[in-house]
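First the structure, in the form of structure tokens, and then the observations on it.
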Amino acid sequence: MTLPLYTPDEDPGPSFLGLLAKLGLRPSQPAEPVDSALVTHGTTVVAIRYRDGVLMAGDRRATSGSLISSRSMEKVFPADSHSGVAISGVAGPAMEMVRLFQLQLEHYEKVEGVPLSLDGKANQLSVMLRENLPAAMQGLAVVPIFAGYDQRSGTGRLFQFDITGGRYEEGDYAAAGSGSLHASTVVKLRHRDDLDGDGVVDVAVEALFQAADEDSATGGPDPLRGIYPVVARITAEGFERLDESEVAERTDAFVTSLGDSYR
Amino acid sequence: MTMPMYVSPEQLMKDRADYARKGISRGRAAVASTYADGVLLCAENPSNTLRKVGEIYDRIAFVGVGKYSEFDQLRIAGVRHADLKGYSFSRDDVDALWLANQYAQILGQYFTHEMKPLEIEMIVAEVGEESASDQLFHLLYDGTVMDTRGFMVIGGEADTIRGRMEEEWGQEMALSAAVSVSVSALAGPDRTLVPDDLEVAVLSRENGRRAFGRLEGGDLAGLLD
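Sequence lines, in order, name chains A and B. Reminder that position 20 of the first sequence reads as 20 in this note's numbering, one-by-one numbering, no gaps. Reminder that position 16 of the second sequence reads as 16 in this note's numbering, one-by-one numbering, no gaps.
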């Protein structure tokens, strides 16, 4: 590994992906369809805009076919100091995409001296998804949500994607993964513009609970093992993951509030 | 037929070294020093956009003086190298020593093989888990690497500034004391440097994974008071 110095016409610029491509380090695409029962899938994630920014949450289950392959997978990650990315779809390429996305943002910031705009970050993720399209067609689909606090406009913003790299900015909430239909219905009914930092956690906890109630690939709260959803808030202060104990408390309160109707 | 003029290797190297030194001494100086929570990087730089101090990786930073385009190209190569190494192996496997050695090779190669040597001097700094493992590497235009404890000065009038640092600097200083010692050493007895004349950054153990942080505007003014 020697120092990567380039002449001006060869220079890959501030893009880490460009650098990897130049060095021939991008992974090759699968030639044959991959059996979906053999690969691990991550399931339901949501993002909700609220008064101070945006919240992201994800359940903890990963499945391979009808088997549970992990009970404690994490699907919500910081992308940089003021944005986050949540993933659903095939876990391997999804985790790799998150790692590269985080690196891409940090690399740009270090080379250029200023971070990318929020739209620029969303576009970068879009480019990565488009590059993954051949793999997605062979069964290795990744569907992320990107959300962040836009320091230029002073609001939380969120983006939904599809496997072709389509990028769709949403107003109030976004969801992805097998339980997303159920989760987004709950968020749609519960969302208010004046939701505060606590209220929005309650909405996310309820959305993931109901998704797990209807979708076998989404994991519900697991008090027996102490496993609860991953929840993170992104505000003017930056990305902050909630303490597991805090999520456990909100979940227990919600489950208690359901009362006898669920017994 | 004209014969190429004979120049002794000693003379050739001396001329090249003089050329590089002259270029470097025209620029303003920079100081890197360890303090209680990490490493302080302090450069005299009236520009707010053409930076001399930069973040390389989680615990590694860079300071360059001399010709901007030359050291900035090496800074970017350093970022690329570090990010690639961290991506290929693990974040823990990226260290300042390896980077300093790579820089030394490039500088040495330019010095002996290219038309002109690079007119730059650089510092590669790494903050450790505790102050005893903080590292400072000093790179000269000819590829010489030096590993120094405490502090180092590069750029124009480095010897004078080093003298002033030796009088004032102490181990395990607080940030505010370290900043004022570095800034007054850079300024000398006859000048006062204000925040707009300076580029100051730290590699702090308190900053979490990305130890690098710039001290600017009000924060810096507060430390200088």
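All residues carry an ideal CB built from backbone N, CA and C; glycine is no exception.
Residues near D134 of chain B in its chain [Cβ-Cβ closer than 6 Å; skip 5 each side]: Translated into positions along the second sequence, residue 134 of chain B becomes position 134. Here the set comprises T34, V39, V127, G128.
Looking at the strands, I want to know which residues DSSP matches up with I68 of chain A. For the purposes of this step, residue 68 of chain A is identified with residue 68 of the first sequence, where counting begins at 1. According to DSSP, I68 of chain A bridges with A:T63.
Quick one: Cα of E199 of chain B to Cα of V53 of chain B, how far? As a position in the second sequence, residue 199 of chain B is number 199, starting the count at 1. As a position in the second sequence, residue 53 of chain B is number 53, starting the count at 1. Each residue's Cα considered, the two are about 7 Å apart.
How many angstroms separate the CA atom of D9 of chain A from the CA atom of L19 of chain A? Translated into positions along the first sequence, residue 9 of chain A becomes position 9. Translated into positions along the first sequence, residue 19 of chain A becomes position 19. Cα to Cα, D9 of chain A sits roughly 13 Å from L19 of chain A.
For H82 of chain A, count neighbouring C-beta atoms within 10 Å of its own C-beta (all shown protein chains included) and say buried if the count is 16 or more, exposed if not. To locate residue 82 of chain A, count along the first sequence from 1; it is residue 82. Classification of H82 of chain A: buried, given that the 10 Å Cβ count is 16 or more.
Can you tell which of A:F239, A:A248, A:P27, A:D194 has its C-alpha closest to the C-alpha of V76 of chain A? Looking up residue 76 of chain A in the first sequence gives position 76. Checked all of A:F239, A:A248, A:P27, A:D194; the closest Cα to V76 of chain A is A:F239.
Buried or exposed: K121 of chain A, going by 16 or more other Cβ atoms within 10 Å of its Cβ? Against the first sequence, residue 121 of chain A aligns to sequence position 121. K121 of chain A comes out buried.
Within 9 Å of any Cβ in chain B, is that where the Cβ of L20 of chain A sits? In the first sequence, the residue the question calls residue 20 of chain A occupies position 20. True, the Cβ-Cβ gap to chain B drops below 9 Å.
Below 8 Å, can you find three or more Cβ-Cβ pairs linking the stretch 181 to 200 of chain A to the stretch 148 to 167 of chain A? no
Nearest CA to the CA of E74 of chain A: which residue from A:D202, A:R49, A:E244, A:E206? Locating residue 74 of chain A in the first sequence gives position 74, counting from the first residue. With distances taken between Cα atoms, E74 of chain A lies closest to A:E244.
Can you tell me where the beta strand (DSSP E) holding E206 of chain B begins and where it ends? Residue mapping note: residue 206 of chain B aligns to position 206 of the second sequence, counting from 1. Taken as a continuous stretch (DSSP letters only), E206 of chain B belongs to no beta strand (DSSP E), as it is neither H nor E.
Would a check of beta-carbon distances place A2 of chain A closer than 9 Å to chain B? As a working note, residue 2 of chain A is residue 2 in the first sequence. Note that residue 2 of chain A is Thr in the sequence shown, not Ala. True, the Cβ-Cβ gap to chain B drops below 9 Å.
Should Y141 of chain B and A17 of chain B be called a contact, given that it needs their Cβ atoms to be closer than 9 Å? In the second sequence, counting from the first residue as 1, residue 141 of chain B sits at position 141. In the second sequence, counting from the first residue as 1, residue 17 of chain B sits at position 17. Yes, the Cβ-Cβ distance between Y141 of chain B and A17 of chain B is below 9 Å.
To the nearest whole angstrom, what separates the beta carbons of V85 of chain A and H41 of chain A, a pair I think is in contact under 8 Å? Here residue 85 of chain A is taken as the residue at index 85 of the first sequence, counted from 1. Here residue 41 of chain A is taken as the residue at index 41 of the first sequence, counted from 1. Contact doesn't hold; Cβ gap of about 17 Å is too wide.
Nearest to V205 of chain A by CA position, among A:A232, A:D194, A:D11, is which residue? The residue labelled residue 205 of chain A in the question sits at position 205 within the first sequence. Looking at the Cα atoms, A:A232 is the closest of the given residues.
Sheet register partners of V63 of chain B (DSSP bridge): Working through the second sequence from its first residue, we reach residue 63 of chain B at position 63. Note: V63 of chain B sits in a beta bridge opposite B:V53, B:I123.
What residue ranges within the stretch 114 to 172 of chain B form continuous alpha helix (DSSP H) runs of no fewer than 4 residues, ordered along the chain? 158 to 168
Cross-strand partners of I227 of chain A (DSSP beta bridge): Here residue 227 of chain A is taken as the residue at index 227 of the first sequence, counted from 1. For I227 of chain A, which the question treats as bridged, DSSP gives the partners A:D222.
Does F146 of chain A get closer than 9 Å to chain B when you measure Cβ to Cβ? If you number the first sequence from 1, residue 146 of chain A lands on position 146. Judged by the 9 Å Cβ criterion, F146 of chain A is not in contact with chain B.
Tell me whether the beta-carbon of I123 of chain B lies closer than 9 Å to the beta-carbon of L74 of chain B. Sequence index remark: in the second sequence, residue 123 of chain B carries index 123 (1-based). Sequence index remark: in the second sequence, residue 74 of chain B carries index 74 (1-based). In this structure, L74 of chain B does not lie closer than 9 Å to I123 of chain B by Cβ.
Cβ contact (3+ pairs, closer than 8 Å) linking the stretch 192 to 207 of chain A and the stretch 222 to 237 of chain A: yes
How far does the beta strand (DSSP E) with M56 of chain A in it extend, from its first residue to its last? The residue given as residue 56 of chain A occupies position 56 in the first sequence. Unbroken beta strand (DSSP E) run through M56 of chain A: 53 to 58.
In whole angstroms, give me the CA-to-CA distance for P30 of chain A and D93 of chain B. In the first sequence, the residue the question calls residue 30 of chain A occupies position 30. In the second sequence, the residue the question calls residue 93 of chain B occupies position 93. Each residue's alpha carbon lies about 30 Å from the other.
Is any non-hydrogen atom of the ligand NAD found closer than 8 Å to the C-beta of L20 of chain A, if you look at the structure I gave you? In terms of ligand content, the structure shown is empty, and the ligand NAD therefore cannot be addressed.
Exposure label - K188 of chain A; buried when at least 16 CB within 10 Å: Residue numbering aside, residue 188 of chain A sits at position 188 when the first sequence is read from its first letter. K188 of chain A comes out exposed.
Beta-carbon contacts of R241 of chain A that lie in its chain and below 6 Å, excluding the five residues immediately before and after: Stepping through the first sequence from its first residue, residue 241 of chain A is reached at position 241. Result list for R241 of chain A: A232, in chain order.
In terms of residue numbering, what span does the alpha helix (DSSP H) encompassing T256 of chain A cover? As a first step, residue 256 of chain A is located in the first sequence; it is residue number 256 there, counting from the start. Note, T256 of chain A: alpha helix (DSSP H), 244 to 258.
For F89 of chain B, list the residues DSSP reports as bridge partners. What you label residue 89 of chain B is simply residue 89 of the second sequence in a count that begins at 1. Per DSSP, none; premise fails for F89 of chain B.
Is the separation between the beta-carbon of A47 of chain A and that of A141 of chain A shorter than 9 Å? On the first sequence, position 47 is the one that residue 47 of chain A refers to. On the first sequence, position 141 is the one that residue 141 of chain A refers to. Cβ distance not < 9 Å, so A47 of chain A and A141 of chain A don't count as in contact.
I need the straight-line Cα distance from L215 of chain B to A62 of chain A, nearest angstrom please. Numbered from 1 along the second sequence, position 215 holds the residue referred to as residue 215 of chain B. Numbered from 1 along the first sequence, position 62 holds the residue referred to as residue 62 of chain A. Cα to Cα, L215 of chain B sits roughly 43 Å from A62 of chain A.
Can you find the residues in the same chain that come closer than 8 Å, C-beta to C-beta, to D196 of chain A, ignoring five residues on each side of it along the sequence? Reading the first sequence from its first residue, position 196 is the one you call residue 196 of chain A. Answer for D196 of chain A: Y50, R51, D52, listed in chain order.
Buried or exposed (CB count within 10 angstroms, at least 16 for buried), F89 of chain B: Here the question's residue 89 of chain B lines up with position 89 in the second sequence. When all chains shown are included, F89 of chain B counts as exposed.
What is the residue span of the beta strand (DSSP E) that D80 of chain A lies within? Indexing the first sequence from 1 puts residue 80 of chain A at position 80. Unbroken beta strand (DSSP E) run through D80 of chain A: 76 to 80.
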